[in-house]
Every structure is written in C-alpha cells, then in structure tokens.
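First the structure, in the form of structure tokens, and then the observations on it.
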Amino acid sequence: MAVRKQEAEEGAAEIGGQRQLVASELKELWTMAAPITAMNCLVYLRAMVSVVCLGRLGPLELAGGALSIGFTNITGYSVLFGLASGLEPLCSQAYGSRNWDLISLSLQRAILLLLFAAIPIAFLWVHLGPILVALGQDPAITASAATYCLHSLPDLLTNALLQPLRVFLRSQGITRPMAACTAAAVLFHIPLNVLLVFVLRLGVPGVALAAVITNLNMAVFLLVYLRASCACELTWRGWSPRAALCGLTPVLRLALPSCLGVCLEWWWYEIMTVLAGYLPDPTTAVAATSVLIQTTSLMYTVPMSLAACVSTRVGNELGAGRPKRAKTAALVALGCSAAIGVLNVAWTTLLRSQWARVFTADAAVLRLSSAALPLVGLCELGNCPQTTGCGVLRGTARPSVGARINLLSFYLIGTPVAVGLAFRLRFGFGGLWYGLLTAQAVCVALILAVVLLRTDWEVEALRAKKLTASTDVEVVADRSNAEEKSRLINSPDD
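For the sequence shown, the positions run 1 to 494 when full-length UniProt numbering is used.
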C-alpha cells in the first residue's frame, strides 16, 4: 500500500513538473514570438501602404508596381531571406553553448554571403524591362515595373545587413527592440510616401524610394539601439573580414538548403497567380487570387514568427546540451501552431464574405474569393504546423530535409493536382486551391513525421556540440543510439 502511494506521489510530481516545464516554455516562446509577430504585421502594413499609394497613382502604375513587387519578391527578397535563415542554427546553437566568437563570425559571414548574392540579383533587376518585354508583357506596364525595380536597387544592400541582423538578435532572445525599431520606421513610412509621391510628385519612383528608406531606417534604428544599449557586448567581437571570408563554407552548407526551402514555397504562390491567368475569366481569377494571397500573407505572419522563435529555442537548448528541453520547445510550438491553424479555419469560414469586401466591391471577384476562403483556412491548418516544423528543422541544423519535402509536396504533387483539377477536370478557380490544400497536407504530414518520429534529440544535441565546436557542454543523454553518438563525437570535422 505504501509502495503504491509512493508511486502515485512520484507520478503526480512528474506530471506537475511536466506542466511547469510546458508553462515555462510557453512563456519563453511567446515572450519572443509576440514582438516578432507584431514586427511582421508592421512589415505587412508597410507593403500595403505602398500598394495603396500605387493604386492612387492610377491603374497603370498599380499594375506595373504589382508586377515589379512580384518580380523582386521572387528573384530578390525570397533569396536573401532564405539565405539569412541559414544563420539560425549557427547563431542559436552557438549562443546556447556560449561560443560568442562563432556568433560574431557567423553574422559577418552571412552579411558577406548576402552581399555576394545581391550582385546577380541586381543584374536581373536592372534588366527587368527587356526580360518582361521578351515574355510578352505590355510595354507601358513593363516601363512602370522597370522604373519601380531600378529605384528599389539600394534595398538589396539594406537587406543584406538587415536580414542577418534580425537572425543574430533573435538567436539571443532580443526581439522587443526589433519590434520597436520596426514600428518607428513604419511610422515614418506613411508621411514619407505622402511627401515623395504626392508632394514632390515623384510617382512610382517615390513609392519605391519610400520603401527603401523605411528599410534603411529599420537597420539604422537597430544599430543605434545596439550601440546605445550594449545589448550584444558579449556576442559582437568586432569586424574580422579575413576570418569571415575563410569560414564561409559552414554558413553556405546551411544557407543554401534554407534558401531553397523558402524559395520553393514562396515561388509556388506566384505560380498560382500565373495559372489563374489561364482560366476562362483571367481578370477576375487573378484579382481573386490576389485577395487570397494577401489573406494568406497576413495569416502567415504568426506561424512565421513562431517558426523563427522555435528555431531559436531549439537551437539554444541543443547548444546548451539540453535535448529534453529542446524537444519540449518543439512540441509546445507545434501545439500552439495547431491551435492557430484551427482559429484560421474558423474565421476564414465564418467571415469569408465580410473579409473579401475589405479588398474589393466587384461581385465576380467577391464570389470567387469568398467561396475559396474556407479552402485557404484549411490550407493554413496544415501550413501553421508545417511552417513551425520547418523552424524546428532549422533549429536542429537540418534545413535540407525541409527543402526536399517542399520540393516533393508543392512541385511534384501539388502542382500536378492543381493543374489537373483546374484545367483537365474543369474545377476552375477552386481547383488551384485544392491543389494547394493537397500540397499542404502532404507537406505537414511529412514534416511532422520527421520532427515527431525521426528525431533523436540526444543525437541532435551531439551534432550541435560538433557544429559549434563546443568542448565544455555536457549533453544529458541516455545510452541509446550509442554508435551514432560515438561517431558524432569522434569523427573529424568536415
């Protein structure tokens, strides 16, 4: 009897400890994620202000600006954002293992990598006009798009600094200052647009320059904060160009698959817009697609923030040699993402008609977009855990797994299903979104299988120890997978 009572007490204590651990992780996660979500919403608002200003200039300017924004997203911003994501496992795991030199050097290497990548991107942007004309685009729209793109060129340099800097700060849990600096920059964005576009009458170049200056302000405000607060006294060791150039390989190994995974997903939405243009009523279909993609972009701000923060939490804990805490962080984040997905299904279903009216008053566009909004919500039910799972994979320095899953799900399965349903089986506009739903379902199933069933957290902690070359971190592990753990500890560096 006494033994049973003792066992019951031990079980209750263990459950209580688990609850406390989960509560602690929830607090840790959302303390980081809430400011990042606010920051992402502000960045979304900045983009919306630019689109509104283009619309005020006229339909030609709006069409040209929208075309240019799509082109710059595909060829530039998605690439830079993806490459910077490769910095996440290095910085977060190095921070957990207290390898301050590696964090500093990794930031410098990422900045150099993005600057190198900006060169071919700039070449593409300069030649946007001839490229679009060769693709059969309207010359007047092409001229407007080329003008916007040319005046956006300085933004490549700003993003080469801003994107790695955000990862660098986030890996240390410094998120509130990022949100505050973004808010200050976006606050200036509206008067900047009014001044450049309507007072100085710069037109399309004014809209592009306002976006460039706003991003530059974000970077400057962050640098001023860091200088004034000394928040990164330990992790910033000064510029070391020679050391940074000599050690680009580890960053490249993580940055390239991270970039591929991001680009494969981002580009698929642009492909959806192109496919919508081949439907029987292309004007209505493309307009409805634009409404749905804007809605998806807004909903994406939360799981994107969650993914970034769980990547940091998992990386920090693995770097510190605490695999059980890393696993808890992953499970808590995935649970939150599932709840967010359910909320997205609910509001896109219940408010589909009202939400579509925010974007348009056209009856045909309203009919298409409101009919497809519940499908978009279902897609987010998969997209939220999928995006968060990709964050877990980045935190464990396995971005190539996510890239392969995205390639299979979106291009080898989702695209054929979308094309077959929309055009072969004549499902029309809805067929495209059923294709996306199929891709998301496959993607989330595979990513969850990898994260939940195919991840040995103790092995990942040993891999983190090897990645950060940490010798003073003791991994809390059991005796399972002894051969793999021994190989990771004793194998020479790649």
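Glycine included, each C-beta is placed from N, C-alpha and C at the ideal position. Just so you know, these numbers come straight off a predicted model, no measurement behind them.
Using only alpha-carbon positions, find the residue among the options that is nearest to residue i.
{"i": "P89", "options": "R394, N159 and P154", "result": "R394"}
{"i": "D362", "options": "V417, A285 and A329", "result": "A285"}
{"i": "V274", "options": "L135, C181, A184 and V314", "result": "L135"}
{"i": "I340", "options": "G321, N316, R357 and C384", "result": "C384"}
{"i": "residue 506", "options": "V365, P250, L165 and I119", "result": "Outside the shown range of the chain, which is 1 to 494, sits residue 506, and nothing can be said about it."}
{"i": "C232", "options": "L192, Y44, R98 and L83", "result": "R98"}
{"i": "S297", "options": "I447, L26 and C41", "result": "C41"}
{"i": "P154", "options": "A94, Y77, G96 and A180", "result": "Y77"}
{"i": "S258", "options": "R170, A308 and A356", "result": "A308"}
{"i": "S106", "options": "G402, A33, A243 and R367", "result": "A243"}
{"i": "A445", "options": "H151, G389, L195 and L368", "result": "G389"}
{"i": "S337", "options": "Y300, W347, V358 and T349", "result": "Y300"}
{"i": "G70", "options": "S369, L462, I293 and S353", "result": "I293"}
Applying the criterion that 16 or more other CB atoms from any shown protein chain within 10 Å of the CB defines a buried residue, is residue i buried or exposed?
{"i": "S229", "result": "exposed"}
{"i": "I119", "result": "exposed"}
{"i": "Q18", "result": "exposed"}
{"i": "residue 498", "result": "Because the chain spans 1 through 494 in this model, residue 498 falls outside it and cannot be assessed."}
{"i": "A185", "result": "buried"}
{"i": "V291", "result": "buried"}
{"i": "M272", "result": "buried"}
{"i": "T249", "result": "exposed"}
{"i": "Y278", "result": "exposed"}
{"i": "L161", "result": "buried"}
{"i": "L200", "result": "exposed"}
{"i": "H151", "result": "buried"}
{"i": "G58", "result": "exposed"}
{"i": "V197", "result": "buried"}
{"i": "L412", "result": "exposed"}
{"i": "residue 531", "result": "As displayed, the chain neither begins before 1 nor continues past 494, which places residue 531 out of reach and without an answer."}
Whose C-beta lies closer than 6 Å to the C-beta of residue i among residues of the same chain, with five residues either side of it excluded?
{"i": "W433", "result": "A372 and L375"}
{"i": "Y148", "result": "G65, S68, V204 and A208"}
{"i": "A38", "result": "A179"}
{"i": "L407", "result": "L264"}
{"i": "S480", "result": "Only weak support is given to the placement of S480: the predicted model assigns it a pLDDT of 46, under 50, and the question is left unresolved by the model."}
{"i": "A464", "result": "Q93, L318 and G319"}
{"i": "A418", "result": "L432 and G435"}
{"i": "V342", "result": "none"}
At the level of alpha carbons, what is the spacing between residue i and residue j?
{"i": "Q20", "j": "G335", "result": "16 Å"}
{"i": "T235", "j": "L157", "result": "23 Å"}
{"i": "G319", "j": "N159", "result": "28 Å"}
{"i": "Y269", "j": "P416", "result": "14 Å"}
{"i": "T289", "j": "I405", "result": "25 Å"}
{"i": "W355", "j": "T295", "result": "9 Å"}
{"i": "R176", "j": "L222", "result": "11 Å"}
{"i": "L169", "j": "D281", "result": "47 Å"}
{"i": "K466", "j": "E460", "result": "10 Å"}
{"i": "T142", "j": "G86", "result": "34 Å"}
{"i": "I111", "j": "A145", "result": "28 Å"}
{"i": "R398", "j": "A441", "result": "21 Å"}
{"i": "L132", "j": "G96", "result": "47 Å"}
{"i": "G206", "j": "V167", "result": "30 Å"}
{"i": "residue 496", "j": "V345", "result": "The question about residue 496 has no answer here: the residues shown for the chain are numbered 1 through 494."}
{"i": "D138", "j": "L60", "result": "10 Å"}
{"i": "P35", "j": "S353", "result": "30 Å"}
Quick one: residues in its chain with C-beta nearer than 7 Å to the C-beta of residue i, no 5 flanking neighbours on either side, listed in chain order?
{"i": "D101", "result": "R237"}
{"i": "L437", "result": "L375, L378 and C379"}
{"i": "V314", "result": "A326, A329, A330, V392, G395 and T396"}
{"i": "H189", "result": "R46, V49, A210 and T214"}
{"i": "V332", "result": "V22, E25, L26 and L29"}
{"i": "R109", "result": "A244, G247, L248 and V251"}
{"i": "F81", "result": "Q163 and V262"}
{"i": "T468", "result": "Q93, A94, S97, N99, L102 and G319"}
{"i": "L421", "result": "F427, G431, Y434 and G435"}
Sorted by chain position, which residues of the same chain lie with C-beta nearer than 8 Å to residue i's C-beta, five sequence neighbours on each side aside?
{"i": "A75", "result": "In the sequence on display, residue 75 carries Thr and not Ala. For T75, where only same-chain residues beyond five positions count, the Cβ hits under 8 Å are I121, L124 and W125."}
{"i": "M32", "result": "R170, G173, T175, C309, T312 and R313"}
{"i": "F410", "result": "L264, E265, W268, A439 and C443"}
{"i": "L425", "result": "G431"}
{"i": "V212", "result": "H151, S152, P154, D155 and T158"}
Heavy atom of the ligand MG less than 7 Å from the Cβ of residue i, yes or no?
{"i": "G238", "result": "Ligands are entirely absent from the displayed structure, and the ligand MG is therefore not among its contents."}
- Message: Which complete alpha helix (DSSP H) runs does the stretch 295-382 hold, if anything under 4 residues is left out?
- Response: Runs of alpha helix (DSSP H) with 4 or more residues, each lying fully within the stretch 295-382, are found at 323-350 and 352-359, listed in chain order.
- Query: Which ranges would you report for the alpha helix (DSSP H) in the stretch 227-292 if only whole runs of at least 4 residues count?
  - Reply: Restricting attention to alpha helix (DSSP H) runs no shorter than 4 residues, the stretch 227-292 encloses them at 241-246 and 248-276, ordered along the chain.
- Task: Counting only runs of 4+ residues fully inside the stretch 167-214, write out the alpha helix (DSSP H) ranges in chain order.
- Result: Restricted to the stretch 167-214, the alpha helix (DSSP H) segments that are unbroken, complete and at least 4 residues in length are 176-193, listed in chain order.
- Any chance you could list the alpha helix (DSSP H) runs of at least 4 consecutive residues sitting entirely within the stretch 387-426, in chain order? Within the stretch 387-426, the complete alpha helix (DSSP H) runs of at least 4 residues are 399-406 and 415-419.
- Query: Hey, which unbroken runs of the alpha helix (DSSP H) at 4 residues or more fall wholly within the stretch 69-146?
  - Reply: Annotation: the stretch 69-146 contains the following complete segments of the alpha helix (DSSP H) (minimum length 4 residues), in chain order: 78-85, 87-96, 100-126 and 128-134.
- Which runs of the alpha helix (DSSP H), 4 residues or longer, sit entirely within the stretch 19-54? Runs found: none.
- Task: With a floor of 4 residues, list each alpha helix (DSSP H) that falls wholly inside the stretch 422-470, ordered by position along the chain.
- Result: Correct list: 429-448 and 457-467.
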